[in-house]
Each structure stands twice: as structure tokens, then as C-alpha cells.
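Quick note: to get our numbering, add 50 to the position in the sequence shown (first position is 1).
Glycine is no exception: its CB is placed at the ideal position from the N, C-alpha and C atoms.
Written out below as C-alpha cells is the structure these notes cover.
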Amino acid sequence: MENTKQLIIVPTPKLVKCVGRISSYKTELFSLHHAFRNAAGVFKEYAARLGISFAWSETADIQITYDAAIESGAYRLSADGNTVRLSASDSVGANHAFATLLQIINPSKEREGIVCVPDCEIMDAPDCSYRGMMVDLARNWHDFTYLISYVDMCYYYKISVLHLHFTDDQSYTLPSKRFPKLSTKGRSYTPEQIEALNQYAEARGIQLMPEIDVPGHCISFQKEYPDIFGTEGIICQHRESIQAMQELFGELCEMFPHSKYIHIGGDEAQIENWLKCPRCREYALSIGIDPDAEDQKLAAERMYANFISKMAEAIFASGKIPIAWEGFASQVNDFVSKDILIMSWENYYQVTPELIHEGFTVINCSWNPMYIVAPEPAWTPQEIYQWTIYKWTPVHGGSPYIGKGLEISPTDQVYGGQLLAWGDRIATSYPTVEEGVSAERTLLLERLPYLAENTWNKEKQLPFEMLSEKIAQTDNKLISLIEKAENRV
């Protein structure tokens, strides 16, 4: 890199050439490739929030073009004083190019209808395909406007996946035609809102990953349909319940047609309860598992592997990729499809090296430093920046790496990393839930750019202090974009 101090861009581009001159352009925009019209329209909308009104013009100096030689998700941006040209080979790359332009463009202070862009040449591409942010929507109600702002945050910092934890003990926040009583009254999104969210994210190149977290975290299921899902804190496992859950996941896949990934949950389940339930025991025998086996833990783990596999079948049938939390023991690895991506969060149920050795692809969701549990973020932005996708620092005493951490050799089997916000303490820590949700978003805003930097670039590009100076400026613009949108509602 050279002269990067003159450009404020996060995450840091792979290659930047800058001459130190700022040029002026008319507020006109043109897409030379029809497939990028939506990406250009999204940029136009964001610019309007900043007080910059772009018009469409076939003679515009700011243009987006198609270049087949550029890899998927990558982009090129060239500003030479005469033309600002953005190039990509797909809509994701086009949105990345416009996100960069959004960070470096500013309205002229002297002339109406003019914007200022530094002369530069940028070539850029992400190192990790999976760059994620998760928000827990089930423990506390999040107004729909927050969901829109989370997409804005992902777009601005080039986060590829927005993981939405829609269900838990406290509520089931999705609509359902098949099981309508599942939707928690006053705490569920409408079909129209889900459709609008899909369209909003798709236009911005953001993958939504919806999650139905089972077989644990399921009181909201059992409250309304105990005859199907059971009453013992875990989804009852028998033919009717398996079919019902597969139908729910099929419905979820239809509800999120653009989503590549569907999260099926899989963590913190009291799997031993299956061995006590008469219907579950009968079902276990029908699939070749002895519920009275001497090794009770293994029998329960076999039941777990069956449940996860059945849920994954519904996802695979829809042409999507299932993702599950690290939640099963190594003894049943042969019973779990290696095509299920695993979120390794604690090295508690199974350690990452075992998952890697057995052929699983993992996403780093290390509790330390990637978890936020408002009001206590626990870990600072600097600690997030010191993390890499190959490092885990567990907090549970059951992990063999407690107190010493784990760092593995670089491997393509680590797909990326994710920042996660959990709502366990919001209701008891703030005067109102809305204040807590707002504070949670602030904590995410403060940390997301560091996650973005670490997953866009596996190798550190800048010292922490220099990166933080840049983020202070980019964050100001992002906060303005969010506030302008919410003030319009």
C-alpha cells in the first residue's frame, strides 16, 4: 500500500494508490451494466441520506461497469479527476465498490450539485467468504427499524452475513402458516416485514441467515404445541415432531428465498431427556439406537446426531447450506454430514482441532472476544482486533483450553468469523427494553469495524491506533446514515 493515510476506508483495501489530490464531479450516476442498476440505486439512496442528491445520466462521470476478470466479491475503483469508475463482476462486488465510494465521497462545501472524491486507484477483495454479525431477536423485542439498521451496518463495513437468532425460550419471532400459534403475540414480525427485509438485504448484497434454534431453547415451541414438541425443555424426538420441524425449516427456507445459509441451532440442549421420554425411546429403537445402552451419553449423542441430520435434510432439500452450533461430541462425528458448517464458539462440546481433522468446515465464534452481552461487552475493540479467525479463548470451565486459549495453523477449513450480540441481560439491566436494544446496537457499532477488518484481511494492515482513528471517522458517517433513516420513519 502507499499513501493510504489520505483515504479513510474500513476495512483496509488490499491495494491503494493515491496521489493526494481531490477532484470534483457532478452528482450524476450511470450504470453501464444493467445488473448493477440496483447496486447503484442503493448507493444513490444512501447518498441522499447524507444530503447528496444524485441524478441518473448516460453522460455521468461516476459509473459502474462490468469486468469479468474481477473475481466474485472483489471490485476496482478508479478516480482520476475526469471519471470515477467502479468495476465488478457480480452484484456483491458492485455493492462493495459503492460502500467504499460512500466512505470517501463528500459533498462540496462551495458548489451545489458537486461531490469531492480523492484521486485514487483501489483494487480490493475479501480474504474470508464468511464475515458475520449476529443479533439475538428472541430474548428481547427489537423493532423492525433495528433490523434495517443492521443491514446498513453490514453493507457499510462489507459484512457478508447477518445472522438473525429468531427463536429461543422467550419468544418465536417469525410468522408461520404451518404452526400459527408459534408466533409470540406482540413479539413477532409480519410476513410483509420479512419480505421487506429480504428485499432490502438482497439489494445490498447481504446474506440473511435466519435461525430457528433447536432442539434446546424451545419453551416457546412447547408452550403452544406440547403434544408435538414435548414439555421437557428439549424438542421431543419422534416421527411427528421430526416431520413438524422439517416442515418448519422448509417454511423458513421459503420465507428467506435469497438466503444461502440457514441456521438450525444445536447448542445447550438437555439431550439426556430424550432417553427418559417414552415416545423418544420408542423412536430411538426404530432408528437403531438403544435408549438403555450402557453408555447413556453416547446414546443421547446418537439421538442428537439424528436430530441435527434430519433438520439438515430439510435445508439441503431446499438447495441451501445448514449451519449448526458446536454442540455434539466427537464420538458421533461419523453420523453428522460434513456439509453442515459448524460455528465453533467454546471448544466445550468438541474442540476445533477435532472438527477440522474430521473434515468439518468451521466459523470462528469464540466467546472471548466476539460475544456482546449488554450492558457488559466484556471485551474491547482492541481485543477484537488482536483476535484472528484461527484463535479461540474459551470461558467455560469444561473447555480444555480454559485459561490458555487455542490457536491453530491457517487452514481453508476456517471459513471466517462472527461478532455476536446476546440479549440475556437487557430486560434486567435497563429502564426499558428499547433502551437496552439501543445500547446493544451501540456496542455492535463500536466493534463491528474491527471484526470487518480482521475477516476482510487475515493479515493486519494497520496498527490498532491508526485503524481506530479511521474508524472514528467512518463510524460518524454510518451513524448519520442510520439516524437519518430512522428520523424519516
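For residue i, three-class secondary structure by DSSP
i, result
"Val-60", "coil"
"Val-142", "helix"
"Thr-402", "helix"
"Glu-344", "coil"
"Ala-119", "coil"
"Gly-300", "helix"
"Asn-53", "With a pLDDT of only 38 at Asn-53, under 50, the local geometry of the prediction cannot be trusted, and no value is derived from it."
"Leu-82", "coil"
"Ile-532", "helix"
"Asp-525", "helix"
"Arg-99", "helix"
"Pro-276", "helix"
"Cys-204", "helix"
"Arg-71", "strand"
"Glu-408", "coil"
"Glu-426", "strand"
DSSP bridge partner residues for residue i (one or two, in chain order)
i, result
"Met-259", "His-213"
"Asn-414", "Ser-394, Gly-467"
"Val-92", "DSSP, once it has assigned bridges, lists no residue as partnering Val-92."
"Trp-76", "The question names Trp, but residue 76 is Lys in the sequence shown. In DSSP, Lys-76 forms a bridge with Ile-164."
"Trp-106", "Leu-79"
Contact under 8 Å by Cβ, residue i with residue j
i, j, result
"Glu-503", "Pro-61", "yes"
"Cys-204", "Ile-256", "yes"
"Ala-367", "Ile-390", "no"
"Tyr-398", "Ser-449", "yes"
"Gln-400", "Phe-378", "yes"
"Ile-413", "Arg-497", "no"
"His-192", "His-313", "no"
"Pro-260", "Phe-229", "no"
"Tyr-207", "Val-185", "no"
"Phe-93", "Phe-148", "yes"
"Ser-179", "Tyr-465", "yes"
"His-308", "Glu-252", "yes"
"Cys-170", "Ser-158", "no"
**Message:** Report the start-end ranges of each alpha helix (DSSP H) in the segment 441-517 that is 4 residues or longer and not cut off at the edges.
**Reply:** 476-479, 483-506
**Prompt:** Pairing CB atoms from the segment 468-480 with CB atoms from the segment 519-539, are three or more of them under 8 Å?
**Reply:** With the cut-off at 8 Å, the segment 468-480 and the segment 519-539 do not touch.
**Asked** Would you call the segment 290-305 and the segment 334-354 in contact, with 3 or more CB pairs under 8 Å?
**Response** Flag = no, the segment 290-305 and the segment 334-354 do not touch.
**Prompt:** Should the segment 257-276 be regarded as contacting the segment 309-321, the criterion being three or more beta carbon pairs within less than 8 Å?
**Reply:** Pairwise C-beta distances place the segment 257-276 in contact with the segment 309-321, as three or more of them are shorter than 8 Å.
**Request:** Assess, as a yes-or-no matter, whether the segment 64-77 is touched by the segment 109-116 under the definition of 3 or more beta carbon pairs within less than 8 Å.
**Result:** yes
**Request:** May I ask you to verify whether the segment 279-292 touches the segment 346-364, counting CB pairs closer than 8 Å and requiring at least 3?
**Result:** yes
**Item:** Three or more C-beta pairs below 8 Å linking the segment 168-180 and the segment 62-69
**Value:** yes
**Asked** Is the segment 139-155 touching the segment 90-106 in the sense that three or more CB pairs, one from each, lie closer than 8 Å?
**Response** Cβ pair count under 8 Å is three or more, so yes.
**Request:** Note down, one range per segment and in chain order, each beta strand (DSSP E) of at least 3 residues found wholly within the segment 305-386.
**Result:** Assignment of beta strand (DSSP E) within the segment 305-386, counting only whole runs of 3 or more residues, yields 311-315, 371-375 in chain order.
**Request:** Please specify which runs of the beta strand (DSSP E), each continuous and at least 3 residues long, are wholly inside the segment 121-198, giving them in chain order.
**Result:** 125-129, 134-138, 164-174, 180-186
**Three CB pairs or more closer than 8 Å across the segment 421-438 and the segment 476-485** = yes
**Prompt:** Is the segment 516-529 touching the segment 482-501, taking contact as three or more C-beta pairs under 8 Å?
**Reply:** yes
**Prompt:** Is it true that the segment 455-462 meets the segment 433-446, where meeting means three or more beta-carbon pairs spaced less than 8 Å apart?
**Reply:** yes
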